[in-house]
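First to last, the protein sequences are chains A and B.
Residue numbers are given in our numbering: position 65 of the first sequence equals residue 65, and the series is strictly consecutive.
Residue numbers are given in our numbering: position 89 of the second sequence equals residue 203, and the series is strictly consecutive.
In this text, a Cβ means the ideal position worked out from N, Cα and C, and glycines have one as well.
Note that the coordinates shown come from a computational prediction; the quantities given were computed from them, not determined experimentally.
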Amino acid sequence: EAQVTQNPRYLITVTGKKLTVTCSQNMNHEYMSWYRQDPGLGLRQIYYSMNVEVTDKGDVPEGYKVSRKEKRNFPLILESPSPNQTSLYFCASSSWGTGAGQEYFGPGTRLTVT
Amino acid sequence: SQKIEQNSEALNIQEGKTATLTCNYTNYSPAYLQWYRQDPGRGPVFLLLIRENEKEKRKERLKVTFDTTLKQSLFHITASQPADSATYLCALFNTDKLIFGTGTRLQVFP
């Protein structure tokens, strides 16, 4: 089954404690991205990657890091989380080469930073 | 500035009626526009894509129009059902990424 998986699904942590949210896709997609979703602000892109070892900032990259060492994985790293990073996070992938452009989203990770 | 606007107020309609949701944008020239459905606490799910040279696209009970002159897309659900209740997001493809609107919540009541 084609899917994007994220772990963990729920995470409560404290300010300053480094964390990583994993993302993996099994569709051999070149393009992967991370979004955060907040009430009234919608989905905002954090980082994206056009292919292995190619990453770029989205609209709200401050406080986040990513890496793309393998095509299927795109982890999101919060080196020093702060309460304003409390949000619902989604990983997504797509294959721009097909021209379809639709994004496949993971189930989401609800992060609370206290 | 660039903006994508969807009606933030919920749309409440009766089962069997046609629901029409609006997506307006400014200062973009998107090659294509997409619509997604999102249920509470879940990731968005792709519904339809329409290209700039297409006026209309249909899929079962769904219809999307794209007017690049008005900078507007309309999303229609005909013969709506309570199971259609969800938030619907429009998204524009701009340069190398998708830009999402904030979504409109649709509530279909029996």
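Gln120 (chain B), DSSP secondary structure in three states: Gln120 (chain B) falls in the strand class under three-state DSSP.
Going by C-alpha distance, which of A:Pro8, A:Tyr10, A:Met27 and A:Lys18 is nearest Glu103 (chain A)?
A:Met27
Cβ shell of Thr98 (chain A) (< 8 Å), same chain only, five flanking positions each side left out:
With a pLDDT of 49 at Thr98 (chain A), under the threshold of 50, the predicted position of this residue should be treated as unreliable, though the coordinate-derived value follows. If we look at Thr98 (chain A) and ignore the five residues flanking it on each side, it has no Cβ neighbours.
- So is Glu70 (chain A) in contact with chain B if we call contact Cβ pairs under 8 Å? no
Quick one, which residues of the region 89 to 110 of chain A are near chain B if we go by CB-CB under 7 Å, in chain order? Phe90, Ala100, Gly101, Gln102, Glu103, Phe105, Gly106, Pro107 and Gly108
**Prompt:** Span of the beta strand (DSSP E) holding Asp153 (chain B)?
**Reply:** Segment: none, Asp153 (chain B) is in no beta strand (DSSP E) and carries neither H nor E.
Review point. Using a beta-carbon distance below 8 Å, is Lys211 (chain B) in contact with chain A?
Key: yes
- Query: When you compare only the Cα positions, how much space is there between Asn121 (chain B) and Leu188 (chain B)?
  - Reply: Taking the straight line from one Cα to the other gives about 12 Å.
Handout entry: Residues of the region 43 to 57 of chain A with Cβ closer than 9 Å to any Cβ of chain B, in chain order
Key = Contacts with chain B (Cβ-Cβ distance below 9 Å) from the region 43 to 57 of chain A involve Leu43, Arg44, Gln45, Tyr48, Met50 and Asp56, listed in chain order.
Are Gln195 (chain B) and Glu129 (chain B) closer than 8 Å when you measure CB to CB? yes
Euclidean distance between Cα positions of Asp153 (chain B) and Thr201 (chain B): Roughly 6 Å between the two C-alpha positions.
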